[in-house]
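Please read the structure below before turning to the comments.
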Amino acid sequence: ESLPEIIDAKYYGCKAERHPIVETYSPELWEIVNVTNRVSQNMYAETILKTIGKELTGVGSYDSSFVAMRRVLDQMGVDRTGFTQEDGSGLSRQNYVSPRFFCNYFDKMQDTEVFEEFFVSLPMPGGPGTLKSVLKKENQKIKDRIHAKSGSLSNVRCYAGYVQGSKKYGLVRFAILTNNFAVPTSTMMPKIEGFMKSLANW
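Numbering of the sequence shown is given in this note's numbering, commencing with residue 852 and proceeding in unit increments.
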């Protein structure tokens, strides 16, 4: 006799009791964000987006997550002009974000209670993560002043974050977005690095 399609405990005369076999706990959110930002873990980014949607709207779909994100940005006081989101990782070419939006966002992040965790999650030139090969020839003093998130596709190089400037200017927000450039990346990167260095020396 073949087994029933759905095995029912009653079929075998057993009590319908359930016992956990194993439990797995998620790392703390700051740990997840740290990995996401440091190495650009796209799957983590998508999961975080949908978790925000689930927590704030009760539904973890893309549409509900976008609604939740707009709500969060509005609560932070971030001007959403120049911001169109189609995913959580930034891989979609239908994502449109302006440098002004990024700078405004990073500015408002400084007023949040999670800023310290967010700030240290951003990679630094020469350190572990996506900025490891950035500003290779510069001294450590310059590198230590920069914390930034990177984003890259073919003919796209983007960096946004913070530079610790002089005492006069303090922590400076910046965003460099280069799209569809027609020169080799090896030609573009020194210009981007030069801008970062100028800010660090400002």
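Backbone N, C-alpha and C fix where the C-beta goes; we use that ideal spot for every residue, glycine too. Only a predicted model underlies this, so the values are computations on that prediction, with no experimental measurement involved.
Cβ contact annotation for Gly980 (same chain, cutoff 6 Å, sequence separation greater than five): Arg889, Val890, Pro974, in chain order. A contact is defined here as three or more CB-CB pairs under 8 Å, and the stretch 914 to 923 fails this definition with respect to the stretch 940 to 956. Where Arg922 is concerned, the enclosing alpha helix (DSSP H) starts and stops at 913 to 927. Taken through DSSP and simplified to helix, strand or coil, Thr963 comes out as coil.
Contact between the stretch 979 to 994 and the stretch 1029 to 1036 is absent: fewer than 3 CB-CB pairs across the two stretches fall below 8 Å. When the alpha-carbon of Asn990 is set against those of Asn1052, Val965, Leu907, Arg1024, the nearest one is in Asn1052.
Arg889 carries a helical assignment under DSSP once its states are collapsed to helix, strand and coil. In the structure shown, Leu900 falls within a helical segment according to DSSP collapsed to helix, strand and coil. Within 10 angstroms of the beta-carbon of Pro976 lie 16 or more other beta-carbons, which makes it buried.
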